[in-house]
């Protein structure tokens with residue numbers, strides 16, 4: 001009963017955060033001289049106006065689901081995997097290597113590239129996991145550094161290994177692509193691909209792992225109270241490492257899916273893409289649950305895809321969508337801080353009562 005009330009409260013607070021975020025965006029438009037009604041109308045039409053628009057929205061949603069799941073799983077186990085960005089880059093780099101350098105039969109080639117991308121992300125996440133478990137080094141510090149290492153390593157691989165001193169690689173072999181004609185035709189030429197189905201399957205996997213398995217129970221227990229978990233016979237160090245590796249594997253899969261389904265080539269980047277950081281917002285709004293992550297990914301994917309078209313239709317800058325995005329996260333974070341404060345107050349009252 002209490003768990004149901006908590007879930008309803010979380011859902012209600014997320015809905016309120018979305019409404020308030022949209023309201024802040026409307027105020028920003030009014031202050032800048034734009035009509036929020038026509039702007040939001042253009043945004044909605046850009047998301048659902050045609051089969052092609054819907055397809056591009058689904059394509060935008062796909063990496064957000066993966067990134068959100070990676071962050072949410074780590075959050076559930078008490079880890080802040082801010083390194084999803086770097087793990088995603090490493091996953092795309094590994095998938096590009098397989099897609100360019102290996103010649104395998106169709107389907108097999110794509111599966112191998114996806115698996116290698118996921119493994120690369122898991123190995124990259126293993127480093128901060130080991131340092132946290134063995135030496136107590138905070139994962140946020142290590143992950144931030146490794147994000148930039150991943151970016152520059154990927155740039156080096158593009159320029160020196162995967163191409164001849166070019167700023168981008170050639171396209172991967174068609175046998176490694178996860179685009180299918182059926183989806184392309186269904187959505188009128190949009191770049192939607194099989195990664196969307198894989199993202200939904202990954203969400204189901206995360207749900208089953210966390211809530212239907214012994215390992216998932218231990219991961220959540222360690223996240224809630226590592227000391228009590230250790231006392232109960234659970235290995236906190238092992239679960240920290242498992243948590244980071246699974247989270248990194250999902251992030252690496254996100255990078256592989258984006259490369260094999262959307263761009264189909266790898267290029268040099270001057271800065272971090274940002275998908276991993278967006279995943280933090282997706283996980284927060286989705287209350288770190290698989291279903292919540294999928295739903296919040298749909299919202300943010302619609303905002304991003306519709307916002308890019310809104311500036312052409314209504315003349316509203318895309319930065320306004322970023323304001324909406326930031327406002328939603330601000331309200332979600334405010335509620336999270338409020339809940340955290342309430343827990344600490346209840347804990348203090350309990351300690352005083354026991355004394």
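Numbering (our numbering), first residue to last: 1 to 355.
The beta-carbon is built from N, C-alpha and C at its ideal position, and this holds for glycine as well.
None of the values given here were measured: they were computed from a predicted structure.
Notebook entry, point to check: So what does residue 267 bridge to, in DSSP terms?
Noted result: Paired residue(s): 168.
Could you pull the start and end residues of the alpha helix (DSSP H) that residue 188 belongs to? Counting along the chain, no alpha helix (DSSP H) covers residue 188, and no H or E run does either.
> Out of 116, 317, 285, which has the shortest C-alpha to C-alpha gap to residue 335?
Replying inline: 285 is the residue among 116, 317, 285 whose C-alpha sits nearest the C-alpha of residue 335.
So residue 253 and residue 202 are supposed to be a Cβ contact under 8 Å. How far apart are they, rounded?
Contact flag correct, Cβ pair sits at about 7 Å.
* To do: Return the CA-CA distance between residue 184 and residue 173, expressed in angstroms with no decimal places.
  => One Cα belongs to residue 184, the other to residue 173, and the distance between them is close to 18 Å.
inquiry  = Let's see if you can read the secondary structure: which residues bound the alpha helix (DSSP H) around residue 109?
reply    = Residue range 108–130 is occupied by the alpha helix (DSSP H) that includes residue 109.
| What are the boundary residues of the alpha helix (DSSP H) that includes residue 245? | Run containing residue 245: 236–258, per the alpha helix (DSSP H) assignment.
With burial defined as no fewer than 16 other Cβ atoms inside 10 Å of the residue's Cβ, what is the status of residue 2: buried or exposed?
Because the pLDDT at residue 2 is just 46, under 50, the model does not fix this residue reliably, and the point stays unresolved.
Q: Work out the CA separation of residue 223 and residue 265 for me, nearest whole Å.
A: Cα to Cα, the separation comes out at about 38 Å.
### Query
Mind checking whether residue 61 and residue 298 have CB atoms under 9 Å apart?
In this structure, residue 61 places its C-beta atom within 9 Å of the C-beta atom of residue 298.
Between the CA atoms of residue 99 and residue 176 - distance to the nearest angstrom: Near 5 Å, if we compare the C-alpha coordinates of residue 99 and residue 176.
| residue 86, enclosing alpha helix (DSSP H) - first and last residue | 84–101 is the span of the alpha helix (DSSP H), which, as asked, contains residue 86.
query = Do residue 76 and residue 220 have their C-beta atoms closer together than 9 Å?
reply = Yes; because the gap between Cβ atoms is below 9 Å, this pair is in contact.
Can you grab the Cα-Cα spacing for the pair residue 126 / residue 248, in whole Å?
If you draw a straight line from the Cα of residue 126 to the Cα of residue 248, it is about 8 Å long.
With a threshold of 8 Å on Cβ separation, who are the neighbours of residue 29 within its own chain once the five nearest residues in sequence on each side are excluded? Around residue 29, the same chain offers 35, 36, 39, 316, 320 as residues with beta carbons nearer than 8 Å, after the five sequence neighbours per side are excluded.
Original post:
Looking at residue 142 and residue 91, is the spacing between their C-beta atoms short of 9 Å?
Top reply: Cβ atoms of residue 91 and residue 142: not closer than 9 Å.
Q) Do the segment 45–64 and the segment 101–116 touch if we need at least three Cβ pairs shorter than 8 Å? A) At 8 Å Cβ cutoff, the stretches do not touch.
Notebook entry, point to check: What separation, rounded to the nearest whole angstrom, lies between the Cα atoms of residue 23 and residue 330?
Noted result: Going from the Cα of residue 23 to the Cα of residue 330 covers about 13 Å.
DSSP three-state label for residue 36, please. Helix, per DSSP.
Problem set entry | Closest residue to residue 27 among 332, 327, 333 (Cα-Cα distance) | The shortest Cα separation from residue 27 among 332, 327, 333 belongs to 327.
- Assign residue 53 to buried or exposed, taking buried as 16 or more other Cβ atoms, counted over all protein chains shown, within 10 Å of its Cβ. Residue 53 is buried by the Cβ-count criterion.
Exercise. Please state if the CB of residue 93 and the CB of residue 157 are separated by a distance shorter than 9 Å.
Key: Contact: yes.
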